[in-house]
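In my numbering, the protein residues as written are 2 to 453. What follows is a short report on a single structure.
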């Protein structure tokens with residue numbers, strides 16, 4: 002391992018190098034043999050100075066304002082090997098090819114993180130915590146302890162959180178950029194809905210898990226079912242494990258998995274019980290002539306009414322800038338709050354002061370929206386604010402807000418939801434091609450130098 006002092010030498014070199022190439026015309030600099038001589042000379046200098054340390058963590062690539070270390074590459078290669086072995090893949094890895102591919106992926110990730118940093122795109126602690134819980138549950142479902150996973154991936158808890166943070170940020174920036182590049186027209190949506198694939202997609206289908214309990218004493222069987230249901234309420238991800246252990250149904254050996262089935266192929270009793278379920282929800286035990294059943298909705302597809310709660314919201318956003326500090330933002334948002342509760346017009350103050358360009362001309366009006374359309378901090382405030390009441394100032398990743406909920410309604414959004422889903426399907430079909438083109442454009446427009 003590299004000592005803190007040795008690592009600091011390398012980090013100091015990184016900062017020096019970045020400052021050096023920023024002083025020159027970048028296109029000229031990256032082509033100059035003199036520059037590469039400087040790079041390798043400085044690496045040699047760091048290596049000589051660090052000779053007394055146990056092992057040198059070399060810089061193997063420069064990507065914009067950041068560097069990639071040899072330890073990053075080695076750890077990622079080891080992580081991939083562990084995952085491939087866990088999936089039963091053969092151990093005949095070509096280390097050279099694997100190393101090249103992993104380094105390319107690290108460079109691609111760094112390019113995207115650099116762009117996210119430039120555009121102030123972040124992952125909140127809440128988002129990271131949620132992703133961490135999801136990871137733990139996925140591991141538990143496979144019978145893998147989280148600590149064992151961390152050890153196999155050569156990660157600390159903080160290291161795992163950092164990896165999840167970077168994955169979330171990359172996902173956000175990809176969605177933002179690629180969605181713009183894969184825009185779908187109304188005509189394309191109509192063509193898909195009229196196609197054979199579209200008609201098949203519209204057919205309602207449910208992917209269910211099923212536990213069936215049987216016995217001569219119905220009261221005893223029902224009590225057993227209630228104990229299983231209670232366990233599933235605490236650990237819904239354990240459904241398949243409990244189905245294998247207790248179910249007497251034909252799908253027990255597959256963890257109770259009934260697969261994806263058309264609505265018309267399911268028993269009417271099942272349809273009644275799952276109609277209002279969300280994905281992941283579990284039914285309470287219910288009886289039929291066959292025994293006592295418990296169902297879990299793994300997934301659902303197809304065309305059905307979609308009822309959602311919508312809120313009509315206006316807001317004012319004030320965000321920090323290089324010239325406007327956090328404290329100055331807090332002071333301004335508090336002044337605006339006092340003016341609002343004193344009776345001044347919300348739309349007028351929004352037009353004059355909000356930093357949300359999209360709603361500025363509309364007096365801060367966000368129209369009818371669901372909670373899922375907002376970041377968690379904003380959604381919680383919307384949900385907690387009574388109709389007609391002005392919220393106290395609150396913070397989100399975008400800055401400081403004040404909002405007012407003008408109205409709420411329950412709306413059948415099936416048509417718009419259907420078309421939105423088709424848009425996502427068509428975008429997914431184009432995603433990979435556009436992603437590769439965009440990543441190459443990023444690389445072409447960023448200083449990248451591989452030093453190994």
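Each residue gets a CB set at the ideal place from its N, CA and C atoms; glycine is no exception. Note that the structure is predicted; figures quoted are calculated from it, not measured.
Pair within 7 angstroms by beta-carbon distance, residue i and residue j
{"i": "residue 211", "j": "residue 318", "result": "no"}
{"i": "residue 289", "j": "residue 259", "result": "no"}
{"i": "residue 68", "j": "residue 78", "result": "no"}
{"i": "residue 209", "j": "residue 226", "result": "no"}
{"i": "residue 182", "j": "residue 435", "result": "yes"}
{"i": "residue 251", "j": "residue 283", "result": "no"}
{"i": "residue 287", "j": "residue 413", "result": "no"}
{"i": "residue 298", "j": "residue 275", "result": "yes"}
{"i": "residue 1", "j": "residue 316", "result": "Because residue 1 is not part of the residues shown, which for the chain are 2 to 453, the question remains open."}
For residue i, the first and last residue of its enclosing alpha helix (DSSP H)
{"i": "residue 328", "result": "327-342"}
{"i": "residue 95", "result": "Unbroken run through residue 95: none, as it is neither H nor E."}
{"i": "residue 381", "result": "377-385"}
{"i": "residue 72", "result": "71-87"}
beta-carbon residue i near the ligand FMN non-hydrogen atom, thresh 6 angstroms
{"i": "residue 450", "result": "In terms of ligand content, the structure shown is empty, and the ligand FMN therefore cannot be addressed."}
Euclidean distance between Cα positions of residue i and residue j
{"i": "residue 98", "j": "residue 179", "result": "28 angstroms"}
{"i": "residue 341", "j": "residue 255", "result": "60 angstroms"}
{"i": "residue 175", "j": "residue 442", "result": "14 angstroms"}
{"i": "residue 93", "j": "residue 206", "result": "41 angstroms"}
{"i": "residue 195", "j": "residue 311", "result": "30 angstroms"}
{"i": "residue 131", "j": "residue 437", "result": "29 angstroms"}
{"i": "residue 158", "j": "residue 151", "result": "7 angstroms"}
{"i": "residue 376", "j": "residue 397", "result": "7 angstroms"}
{"i": "residue 106", "j": "residue 66", "result": "17 angstroms"}
{"i": "residue 197", "j": "residue 446", "result": "42 angstroms"}
{"i": "residue 229", "j": "residue 223", "result": "10 angstroms"}
{"i": "residue 143", "j": "residue 164", "result": "21 angstroms"}
{"i": "residue 393", "j": "residue 324", "result": "25 angstroms"}
{"i": "residue 138", "j": "residue 156", "result": "18 angstroms"}
Residue i burial status per 10 Å Cβ neighbour count (16 or more: buried)
{"i": "residue 280", "result": "exposed"}
{"i": "residue 111", "result": "buried"}
{"i": "residue 292", "result": "buried"}
{"i": "residue 170", "result": "buried"}
{"i": "residue 204", "result": "exposed"}
{"i": "residue 160", "result": "exposed"}
{"i": "residue 248", "result": "buried"}
{"i": "residue 128", "result": "buried"}
{"i": "residue 117", "result": "buried"}
{"i": "residue 7", "result": "In this prediction, residue 7 has a pLDDT of 49, which is less than 50 and means its spatial position is unreliable; nothing more can be read from the coordinates."}
{"i": "residue 419", "result": "buried"}
{"i": "residue 126", "result": "exposed"}
{"i": "residue 322", "result": "exposed"}
{"i": "residue 121", "result": "exposed"}
Segment limits, beta strand (DSSP E) that includes residue i
{"i": "residue 312", "result": "308-319"}
{"i": "residue 206", "result": "206-214"}
{"i": "residue 297", "result": "292-302"}
CB-CB length for residue i against residue j, believed under 8 angstroms
{"i": "residue 231", "j": "residue 257", "result": "Wrong, their Cβ atoms sit about 17 angstroms apart, outside the cutoff."}
{"i": "residue 64", "j": "residue 449", "result": "5 angstroms"}
{"i": "residue 320", "j": "residue 330", "result": "7 angstroms"}
{"i": "residue 424", "j": "residue 185", "result": "5 angstroms"}
Closer than 7 angstroms to chain C by CB, residue i
{"i": "residue 310", "result": "Among the chains of the structure shown, chain C does not appear; only one protein chain is present."}
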